[in-house]
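This report concerns only the one structure given below.
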Amino acid sequence: MISVLALIFLWLGVVFVLLGALGLARFPDLYNRMQAATKCVTLGVCGIMLGIFLRSGFNPLGVKALICAVFILFTVPVSSHALVRGSLIAGVKLWKGTVKDDFTADRGGTSIIDKTPETEGK
Amino acid sequence: MVPIIVLIPAALFCLYRALIGPSIADRAIAVDMMGVVFSAITGLIALQYKLNYLLDISIALAVISFIGALALAKFLEKRSLDD
């Protein structure tokens, strides 16, 4: 029973990581890519580590996997948030289909939504 | 063994984005995600071969990618880019 649960968590994590990396490769601008990559990879790697813990039980391998899962769950969103904030301040353009840009509006700047028609991506 | 083989294309997608990414933050997040995926691969190898010291390497990979991403974010906030 525990073994079946461990396999379910592990394969769910693998599928999440694969789809997140596919989103990182295919989405149109930086912010979409960062959202796909960060959410999916965080959840997927936490699932894989939880699967390793369930598979091996309370020995050093399982407890280290649990510690690694908690660490990744706390640190990957923090680093992604810092990178998004830094790239918004540095002025990386948003995708041209973006409808709202509250960050630069709150800071009193002009909008950084990409207005150039049909030059990027064919 | 099969989950490790399935995770390798994920790392290759991250490598693709790190190679062609238009801005610096693209490359930074791609390298960060590649470190986390390698951390998961190392954990799976540790489970496969029952080597529990490989999980230490996994935790260290997660720490290194976190610190690298934070340093690059600080660099981006202080200095404006061309793109």
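Residue numbers (my numbering), protein chains in the order written: chain C, 88 to 209; chain S, 1229 to 1311.
A virtual CB, placed ideally from N, CA and C, is assigned to each residue, including glycine.
Here the structure is a predicted model, which means the values were calculated and not measured.
Straight-line gap, residue i to residue j (C-alpha atoms, nearest Å)
| i | j | result |
| --- | --- | --- |
| residue 1252(S) | residue 91(C) | 42 Å |
| residue 1257(S) | residue 172(C) | 13 Å |
| residue 105(C) | residue 89(C) | 24 Å |
| residue 95(C) | residue 124(C) | 22 Å |
| residue 164(C) | residue 112(C) | 19 Å |
| residue 167(C) | residue 161(C) | 11 Å |
| residue 1311(S) | residue 1275(S) | Residue placement at residue 1311(S) cannot be trusted, given a pLDDT of 44 that sits under 50; what the coordinates show is reported in the next sentence. If I take the Cα positions, the gap works out to 43 Å. |
| residue 98(C) | residue 1299(S) | 33 Å |
| residue 156(C) | residue 192(C) | 37 Å |
| residue 93(C) | residue 137(C) | 7 Å |
| residue 209(C) | residue 1249(S) | For residue 209(C), the predicted structure reports a pLDDT of 44, less than 50, and the residue's modelled location is therefore unreliable. The matter cannot be settled from this model. |
| residue 1295(S) | residue 1261(S) | 13 Å |
| residue 122(C) | residue 1301(S) | 16 Å |
| residue 195(C) | residue 1306(S) | 18 Å |
| residue 1280(S) | residue 147(C) | 6 Å |
| residue 1230(S) | residue 145(C) | 24 Å |
| residue 1277(S) | residue 151(C) | 15 Å |
| residue 103(C) | residue 126(C) | 9 Å |
Same chain, Cβ closer than 7 Å to residue i, neighbours up to 5 away in sequence not counted
| i | result |
| --- | --- |
| residue 1270(S) | 1282, 1285, 1286, 1289 |
| residue 1243(S) | 1262 |
Check whether residue i and residue j have beta carbons under 7 Å apart
| i | j | result |
| --- | --- | --- |
| residue 1272(S) | residue 1232(S) | yes |
| residue 107(C) | residue 128(C) | yes |
| residue 149(C) | residue 143(C) | yes |
| residue 185(C) | residue 200(C) | yes |
| residue 153(C) | residue 140(C) | yes |
| residue 1268(S) | residue 170(C) | no |
| residue 177(C) | residue 1247(S) | no |
| residue 1238(S) | residue 1265(S) | yes |
| residue 158(C) | residue 175(C) | no |
| residue 1234(S) | residue 101(C) | yes |
Sequence-distant residues of its chain with Cβ nearer than 8 Å to residue i (five each side left out)
| i | result |
| --- | --- |
| residue 1241(S) | none |
| residue 1254(S) | 1245, 1246 |
| residue 1292(S) | 1263 |
Close Cβ partners of residue i (< 6 Å) along its chain, the five nearest in sequence each way excluded
| i | result |
| --- | --- |
| residue 187(C) | none |
| residue 1309(S) | Bear in mind that the predicted position of residue 1309(S) carries a pLDDT of just 46, short of 50, making it too unreliable to give a figure here. |
| residue 110(C) | 123 |
| residue 114(C) | 120, 123 |
Between the region 90–116 of chain C and chain S, which residues of the former have a C-beta closer than 8 Å to a C-beta of the latter? Per Cβ criterion, the list reads 97, 98, 100, 101, 104, 105, 107, 108, 109, 111, 112.
Could you tell me whether the region 110–123 of chain C touches the region 176–189 of chain C, where touching means 3 or more Cβ pairs closer than 8 Å? Contact between the region 110–123 of chain C and the region 176–189 of chain C is present: three or more C-beta pairs spanning the two stretches fall below 8 Å.
Given a limit of 7 Å on CB to CB distance, which residues of the region 1241–1266 of chain S reach chain D? As a matter of chain content, chain D is missing from the structure shown, whose protein chains are C and S.
Could you please tell me which residues of the region 123–140 of chain C, in chain order, have their CB closer than 7 Å to any CB of chain S? 124, 128, 132, 135, 136, 139
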